[in-house]
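Let me begin by presenting the structure, written as structure tokens, before commenting on it.
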Amino acid sequence: MKKVVLTLAGVMAAAAFAPEASALPVFARQTGMACSACHFQHFPLLNSFGRAFKSAGFTMMGAQAKVEGDRLSIPAELNMAMLTSLGYVKDNSTPDATGATKNAGNGAFYLPGVAGEASLFVGGRVSDFAGFLSEITLAPGAAIDSAKLPILPEVADGIRAGLVPFATNGQGASYGFEYLNTGANAIHSITNTVGNPLGAAPGGSEFINAVSAQQYIGTATAADGIALVVNSDHGFINLTKYDMTGIAAGQGAGVTSTYARVAAVFDLAGWDSAIGVQNWSGSSLNDGGGVAAAAIMQSTKATAIDGQMQGDLGGMPTGFYFSYATAPVVTNGAANIFNAGTMTKSSFNIDAEIGVIPEVATVGAAIRRANAGIANASGGNASDNAIYLTATYKIQQNMLARLSYVTQSGDVWTAAATGATGSKTTAINLYTLF
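Using our numbering, the first residue of the sequence shown is number 701, and each one after it goes up by one.
So, in structure tokens, the structure goes:
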């Protein structure tokens, strides 16, 4: 722990020498704006302008030329961007004494496409009321990972309404439309490091699970569906019908599960604030990644409430976030994909991030208090708690260095579980968008 604190201090000190620059990923090219125009402190957190851009269906244009005609308005160029990640990770799981495997207990490096991320994004304006975004994973087994087509015409002054057809291999039903920074969708939270890339369940998502209750209960499933969305500057409503097939299986969707989301955005004493509620219900096919023998019907039952405040604290940009989620046990039908246990699974998470050097360096922390939905030694609901620490340094607006540390405790983390998966994980990452 002492080493982690010292490293955080080192990152803060180094940040004082950060250069000024701008980033140009897919939508920055279309709008002609720097990354900081849409992002609060660093990507992927959204500010009010970023929410407005997303709410308009990625249609806003800037200096980029357009091809226009009768009922036609598209960018003159198809916009694309690359996302890569690389770094080093180590946890306190039992090391492989032979060194024959990439065991995070030994400590291991990862590179773009080799445990790290290598993704190509393609997207932008389709018309003056529709846009598109897709993510193509370039690692071995390359394939389209996620895609959506927001069709959101303005139906009244400042109000847009329409449909968002979407499919994703692992971002869940909220992928159709979401813009809060609480982890309501895994894309938007104070950490863009999900977890140990070399980890196995319950590892592999240590960081995001410490930050977001929705992610702790496992809402980032495969999902295909259609979202009915109404949005304005004051918030949005998202009613989605979906199933859990995902893009990878290449099958049509039965859309028999339901996802509902209501979020309100408001000013609270000068703080850009929001609060929302989510509900998952019904059941749908989980086709086991296209393996017929693994295909099963599963319930999708969970509820969450979340909120955020983003503003200025003592001259430093600061964000506060909370989330609470619960997934019940389903005993009279298909098992609940969000809870395989015998008791209610729940989590309460609180996060904060402060820009110690505005637009350059941040420090953040999160606390999780959760029950895993499985029995502990005395028959009660097993506790599963976490403390998360992080620091970021923007080398450029499109290059983000991050230090992450999580320590997990409670009934779930017995000596045997810690040896197998590691209760403490440290990661150093570099994310690059261009």
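Beta carbons are placed, not taken as given, at the ideal position from N, Cα and C, and that holds for glycine.
Helix, strand or coil at residue i [DSSP, three-state]
{"i": "Gln1010", "result": "strand"}
{"i": "Glu906", "result": "helix"}
{"i": "Lys790", "result": "strand"}
{"i": "Gly1079", "result": "coil"}
{"i": "Leu706", "result": "In this predicted model, Leu706 has a pLDDT of only 42, less than 50, meaning its place in the structure is not dependable enough to derive any value."}
{"i": "Gln914", "result": "helix"}
{"i": "Tyr1105", "result": "strand"}
{"i": "Ala797", "result": "coil"}
{"i": "Lys1124", "result": "strand"}
{"i": "Tyr1021", "result": "strand"}
{"i": "Gly1064", "result": "strand"}
{"i": "Ala873", "result": "helix"}
{"i": "Phe1134", "result": "coil"}
{"i": "Gly813", "result": "coil"}
{"i": "Ala901", "result": "Bear in mind that a pLDDT of 42 at Ala901, under 50, signals an unreliable position, so the number given afterwards is only what the model happens to contain. Correct three-state label for Ala901: coil."}
{"i": "Asp857", "result": "coil"}
{"i": "Phe866", "result": "strand"}
{"i": "Thr1114", "result": "coil"}
{"i": "Ala1034", "result": "coil"}
{"i": "Gly807", "result": "coil"}
{"i": "Ala716", "result": "Because the pLDDT of Ala716 is 34, which lies under 50, any placement of that residue in the model is unreliable, and the question is left without a value."}
C-alpha distance - residue i paired with residue j, whole-angstrom precision
{"i": "Met782", "j": "Leu820", "result": "5 Å"}
{"i": "Thr801", "j": "Ala861", "result": "51 Å"}
{"i": "Ala1070", "j": "Ser827", "result": "45 Å"}
{"i": "Asn881", "j": "Thr891", "result": "10 Å"}
{"i": "Ser1046", "j": "Ala1002", "result": "9 Å"}
{"i": "Leu772", "j": "Glu906", "result": "46 Å"}
{"i": "Asn1085", "j": "Gln764", "result": "48 Å"}
{"i": "Gly925", "j": "Leu863", "result": "10 Å"}
{"i": "Lys754", "j": "Gly813", "result": "28 Å"}
{"i": "Ala776", "j": "Pro744", "result": "26 Å"}
{"i": "Ala1040", "j": "Leu852", "result": "37 Å"}
{"i": "His888", "j": "Met1043", "result": "29 Å"}
{"i": "Glu768", "j": "Val911", "result": "44 Å"}
{"i": "Tyr664", "j": "Gly799", "result": "As displayed, the chain neither begins before 701 nor continues past 1134, which places residue 664 out of reach and without an answer."}
{"i": "Gly903", "j": "Gln914", "result": "Note on Gly903: pLDDT 46, under 50, position unreliable in the model; the coordinate value appears next. Distance between the alpha carbons of Gly903 and Gln914 is about 16 Å."}
{"i": "Arg1068", "j": "Gly872", "result": "21 Å"}
{"i": "Ala734", "j": "Thr1031", "result": "51 Å"}
{"i": "Asn1076", "j": "Trp1113", "result": "10 Å"}
{"i": "Ala963", "j": "Asn909", "result": "22 Å"}
{"i": "Tyr1105", "j": "Met1009", "result": "24 Å"}
{"i": "Ala1034", "j": "Met997", "result": "6 Å"}
{"i": "Asn1081", "j": "Gly1073", "result": "6 Å"}
{"i": "Leu985", "j": "Leu1013", "result": "47 Å"}
{"i": "Met760", "j": "Val965", "result": "21 Å"}
{"i": "Ile1050", "j": "Ala1066", "result": "5 Å"}
{"i": "Gly954", "j": "Asp770", "result": "36 Å"}
{"i": "Gly787", "j": "Val1060", "result": "20 Å"}
Closest residue to residue i among the options (Cα-Cα distance)
{"i": "Asp857", "options": "Val930, Phe1048, Thr956, Ser846", "result": "Val930"}
{"i": "Asn779", "options": "Phe727, Ala1091, Gln1096, Lys1124", "result": "Phe727"}
{"i": "Ala1025", "options": "Gln998, Gly750, Ala927, Trp980", "result": "Trp980"}
{"i": "Ile774", "options": "Gly787, Phe758, Tyr788", "result": "Phe758"}
{"i": "Thr837", "options": "Ala818, Thr945, Thr1107, Lys766", "result": "Ala818"}
{"i": "Ala923", "options": "Tyr1021, Gly870, Tyr1105", "result": "Gly870"}
{"i": "Gly1015", "options": "Gly805, Phe1038, Gly1055", "result": "Gly1055"}
{"i": "Gln651", "options": "Ala1091, Thr1107, Gly876, Gly1122", "result": "The structure shown has nothing for residue 651, since the chain only spans 701 to 1134."}
{"i": "Leu1121", "options": "Pro795, Arg751, Ser748, Asn747", "result": "Position check: residue 1121 holds Thr in this sequence, whereas Leu was assumed. It is Pro795 whose Cα lies nearest to the Cα of Thr1121."}
{"i": "Gly680", "options": "Asp791, Gly816, Ala797, Leu833", "result": "Residue numbering for the chain in the displayed model covers 701 to 1134; residue 680 lies beyond these limits and cannot be assessed."}
{"i": "Ser1078", "options": "Ala1065, Asp1111, Thr1062", "result": "Asp1111"}
{"i": "Ile1095", "options": "Ser1123, Gln1108, Ile1057", "result": "Ile1057"}
{"i": "Ile859", "options": "Cys738, Asp933, Leu786", "result": "Asp933"}
For residue i, the first and last residue of its enclosing beta strand (DSSP E)
{"i": "Gly750", "result": "Run containing Gly750: none in the beta strand (DSSP E); it sits in the alpha helix (DSSP H), 748-755."}
{"i": "Arg771", "result": "It is not in any beta strand (DSSP E) - Arg771 carries neither H nor E in the DSSP assignment."}
{"i": "Lys1001", "result": "Counting along the chain, Lys1001 falls outside any beta strand (DSSP E), and DSSP gives it neither H nor E."}
{"i": "Asn1049", "result": "1045-1057"}
{"i": "Phe1038", "result": "No beta strand (DSSP E) holds Phe1038; DSSP gives it neither H nor E."}
{"i": "Tyr1088", "result": "1085-1096"}
{"i": "Gly935", "result": "935-943"}
{"i": "Ala830", "result": "Counting along the chain, Ala830 falls outside any beta strand (DSSP E), and DSSP gives it neither H nor E."}
{"i": "Ala923", "result": "923-932"}
{"i": "Ala847", "result": "843-848"}
Continuous alpha helix (DSSP H) stretch holding residue i: start and end
{"i": "Ala728", "result": "726-731"}
For residue i: DSSP bridge partner residues
{"i": "Trp971", "result": "Leu968"}
{"i": "His739", "result": "Leu746"}
{"i": "Leu880", "result": "Paired residues: none, contrary to the question."}
{"i": "Leu783", "result": "Ser819, Leu1133"}
{"i": "Asn1071", "result": "Ser1046, Ser1083"}
{"i": "Asn986", "result": "Ile996"}
{"i": "Ala765", "result": "According to DSSP, which records beta bridges pairwise, Ala765 is partnered with nothing at all."}
{"i": "Thr1026", "result": "Thr1003, Ser1046"}
{"i": "Glu835", "result": "Phe821, Ser846"}
{"i": "Gly1015", "result": "According to DSSP, which records beta bridges pairwise, Gly1015 is partnered with nothing at all."}
Residue-level contact to chain C via CB, residue i, 7 Å cutoff
{"i": "Arg860", "result": "Absent here is chain C; the protein component of the structure consists of one chain."}
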